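Novice: Dropping the structure in here first, questions after.
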Amino acid sequence: MSKIEKDGLTESTLAYTPHGLIMAKILKNSVEYFKFEHEVSSYMKKFHIPHPEDAGNMSLIDYYNNCAICCTKPLDERCTTVLQVQYLNQLELEKRFPGLIHGGVTSVPDPVQIGVGTMYDYKDLQLHKVCKDQQKIASCGQHRWIITTGDPTHPRQKEDKVEMVLYDAFSDSCLKRMIFNFNHSTEVAALQRQGRVGGDMIPFGTRVTKGGAPADGLRPFEGINATTTSGVDEFFAQAENAMAYDKVAKYLDPDLYHEIQRRTIDSEKLGRIGGTVYSCHNYMAIQHLENTDACRSFCSQLELIRNHQYEMAFVYSQMGYWIETESNTFWTFDASLVHGTMLPAEKTAAQMRARTRLRDGQPAGGGGDVPVSNGQHKPTRERDNRRAAEHVRIQREREQRDAYWNLAE
Numbered sequence: 137m138s139k140i141e142k143d144g145l146t147e148s149t150l151a152y153t154p155h156g157l158i159m160a161k162i163l164k165n166s167v168e169y170f171k172f173e174h175e176v177s178s179y180m181k182k183f184h185i186p187h188p189e190d191a192g193n194m195s196l197i198d199y200y201n202n203c204a205i206c207c208t209k210p211l212d213e214r215c216t217t218v219l220q221v222q223y224l225n226q227l228e229l230e231k232r233f234p235g236l237i238h239g240g241v242t243s244v245p246d247p248v249q250i251g252v253g254t255m256y257d258y259k260d261l262q263l264h265k266v267c268k269d270q271q272k273i274a275s276c277g278q279h280r281w282i283i284t285t286g287d288p289t290h291p292r293q294k295e296d297k298v299e300m301v302l303y304d305a306f307s308d309s310c311l312k313r314m315i316f317n318f319n320h321s322t323e324v325a326a327l328q329r330q331g332r333v334g335g336d337m338i339p340f341g342t343r344v345t346k347g348g349a350p351a352d353g354l355r356p357f358e359g360i361n362a363t364t365t366s367g368v369d370e371f372f373a374q375a376e377n378a379m380a381y382d383k384v385a386k387y388l389d390p391d392l393y394h395e396i397q398r399r400t401i402d403s404e405k406l407g408r409i410g411g412t413v414y415s416c417h418n419y420m421a422i423q424h425l426e427n428t429d430a431c432r433s434f435c436s437q438l439e440l441i442r443n444h445q446y447e448m449a450f451v452y453s454q455m456g457y458w459i460e461t462e463s464n465t466f467w468t469f470d471a472s473l474v475h476g477t478m479l480p481a482e483k484t485a486a487q488m489r490a491r492t493r494l495r496d497g498q499p500a501g502g503g504g505d506v507p508v509s510n511g512q513h514k515p516t517r518e519r520d521n522r523r524a525a526e527h528v529r530i531q532r533e534r535e536q537r538d539a540y541w542n543l544a545e
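Take 137 as the starting number for the sequence shown in the numbering used here and just add one per residue.
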């Protein structure tokens, strides 16, 4: 029996106390949260977590050879595919492919135009393709890619860039719940992205407001609150998905997991680690880069229905590869490097715009085979981390002053 049950604070009794409905909702959702956490963790337990201190003594291949099902098999029979790529700096990328930065990449003859000046057919870029291998899925339940700029047969060097892709990242039941959480109605407005992207990016978390003064604090996005039962439901829906990404990242890329934990130690927590979760509905973007993040981040593709092959794929042009994203795909990337999506056909984009976003797991319009792309992005912004650290420092200084004067009395 839990302490809550011993104290008589069950869901039924809480409903008759002040703010009882809110407390009852928190209690119920907390139980569901921890059940879901256990389910996500159990699905990933076939991977043992590499120890970061071993990275300097083991080749990249051996360091990530951590699947209990196939770790003793020959390299080509394991569920992990290792790919070595060539990184280009921005000057090299622009020289080789003029206009690609802030340009578009597509696989269709009539792509949507979202402020694109130059349009490249993906074949002309000669990028490596990352895709799902059904044989590996059948063998181990998942297929992982490790993409590196270094020599994978040697220990990772400081200058090496390493990214991960995981197909079938979540169990069917976990994915279903995450899609339900994604489609939870929200009062938070979508971000305005200055015409370089299509679709919606809806944030959930805390931030320093754009253009804020030095004294402005870290605050939730407008529309986020826990003063209603629906607001509590939304908090838990977003926290469950954030936690699920955290769990997968811990097994898939422990180095990134620990770096995010270190950088967000003073941040507000959503799930197990800090940072804002962006829900991306029918998101499409030209090739661009951003310099706001403190470190690499991760993305998910929860649902994907498209008219043409490769539409909405993730194109990581500066790293020399692209990902054929599918439903239930999870990957890491660095937003400070040039990236974007494979722009879809104009007809596909029009159908996506006409499809109403799902609400509370129920279709509000469209549905069926109508094209849709739903996923989430979880970055860690440097500016928010700095402000969070300032808040913690000020709080500690205030506590020290209070303790001093209390003792003086």
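Ideal Cβ placement from N, Cα and C applies to all residues, glycine included.
As the structure is a prediction and not an experimental result, all values here were calculated from the model.
Taking the C-alpha atoms as reference points, what is the distance between Pro210 and Ser472?
Specialist: 36 Å
Novice: Who are the Cβ neighbours of Asp190 in its own chain at under 8 Å, not counting the five residues just before and after it?
Specialist: Contacts found: Tyr199.
Novice: Short check: CB of Asn510 to CB of Phe318, under 9 Å?
Specialist: With a cutoff of 9 Å on beta-carbon distance, Asn510 and Phe318 are scored as near each other.
Novice: If you run the structure through DSSP and keep just helix, strand and coil, what is Gly456?
Specialist: Of the three classes helix, strand and coil, the one that applies to Gly456 here is coil, per DSSP.
Novice: What do you reckon, are the CB atoms on Leu311 and Leu438 nearer than 9 Å?
Specialist: yes
Novice: Within 10 angstroms of its Cβ, does Thr242 collect 16 or more other Cβ (buried), or is it exposed?
Specialist: buried
Novice: Met300 bridges to which residues according to DSSP?
Specialist: Ile282
Novice: Can you have a look at Arg214 and say buried or exposed, based on whether 16 or more other CB atoms are within 10 angstroms of its CB?
Specialist: That one is buried.
Novice: Find out if the Cβ-Cβ distance for the pair Arg432, Glu395 is shorter than 9 Å.
Specialist: Against a cut-off of 9 Å, the Cβ pair of Glu395 and Arg432 comes out as a contact.
Novice: Give the DSSP-derived three-state secondary structure of Pro507 in the structure shown.
Specialist: Residue state, collapsed to three classes: coil.
Novice: How would you write the range of the alpha helix (DSSP H) that Asn377 sits in, first residue to last?
Specialist: Where Asn377 is concerned, the enclosing alpha helix (DSSP H) stretches over 365-388.
Novice: Per DSSP, what kind of secondary structure is Val167 in: helix, strand or coil?
Specialist: helix
Novice: Considering just the uninterrupted stretch of the beta strand (DSSP E) at Cys435, what are its terminal residues?
Specialist: 433-441
Novice: What's the call for Tyr452, buried or exposed, on a 16-neighbour Cβ count within 10 Å?
Specialist: Buried.
Novice: Please list the terminal residues of the continuous alpha helix (DSSP H) segment that includes Tyr199.
Specialist: 196-199
Novice: Taking all protein chains shown into account, do 16 or more other C-beta atoms lie within 10 angstroms of the C-beta of Lys383, making it buried, or fewer, making it exposed?
Specialist: buried
Novice: Report the rounded CA-to-CA distance for Ala305 versus Glu535, giving the unit in angstroms.
Specialist: 44 Å
Novice: DSSP puts Val451 in a beta bridge; with which residues?
Specialist: Trp458, Gly476
Novice: Quickly, what does DSSP pair Cys203 with across the bridge? List them, please.
Specialist: Cys203 pairs with Phe183.
Novice: If the criterion is Cβ atoms closer than 9 Å, does the pair Met255 and Leu479 meet it?
Specialist: yes
Novice: For the beta strand (DSSP E) containing Ser307, list its first residue and its last residue.
Specialist: No beta strand (DSSP E) holds Ser307; DSSP gives it neither H nor E.
Novice: Please report the distance separating the alpha-carbon of Gln249 from that of Ser166.
Specialist: 44 Å
Novice: Buried or exposed, going by whether 16 or more other CB atoms sit within 10 Å of the CB of Ala160?
Specialist: Burial is judged here by how many other beta carbons sit within 10 angstroms of a residue's own beta carbon; Ala160 has at least 16 and is buried.
Novice: Taking Gln270 as part of the alpha helix (DSSP H), name the residues at either end of that continuous run.
Specialist: First-last of the alpha helix (DSSP H) with Gln270: 270-276.
Novice: Beta-carbon separation of Tyr381 and Gln512 under 9 Å?
Specialist: When the beta-carbon positions are compared, Tyr381 and Gln512 come within less than 9 Å of each other.
Novice: Identify which residue in Gln423, Arg292, Pro507, Tyr393 has its Cα closest to the Cα of Val220.
Specialist: Looking at the sequence provided, one finds Gln at residue 220 rather than Val. Minimum Cα distance to Gln220 is reached at Arg292.
Novice: Would you check if the distance between the CB atom of Val474 and the CB atom of Leu263 is smaller than 9 Å?
Specialist: no
Novice: In three-state terms, what does DSSP make of Ile409?
Specialist: The pLDDT assigned to Ile409 is 43, lower than 50, so where the model puts this residue is not dependable; a value taken from the coordinates is nonetheless given after this. DSSP, reduced to helix, strand and coil, places Ile409 within a strand of the structure shown.
Novice: Check each candidate in Phe172, Gln454, Tyr303, Ala421 and name the one with the smallest Cα separation from Ala485.
Specialist: Ala421
Novice: Give me the Cβ distance between Thr412 and Glu518, rounded to the nearest whole Å; I'm assuming they're in contact under 8 Å.
Specialist: Going by Cβ atoms, the distance from Thr412 to Glu518 rounds to 13 Å, so no, they are not a contact pair.
Novice: Compare the C-alpha of Cys416 against each of Gly335, Asp470, Tyr387 and name the closest.
Specialist: Gly335
Novice: Determine the extent of the alpha helix (DSSP H) in which Lys134 is found, giving its start and end residues.
Specialist: The requested residue 134 does not occur in the structure, where the chain is confined to residues 137 to 545.
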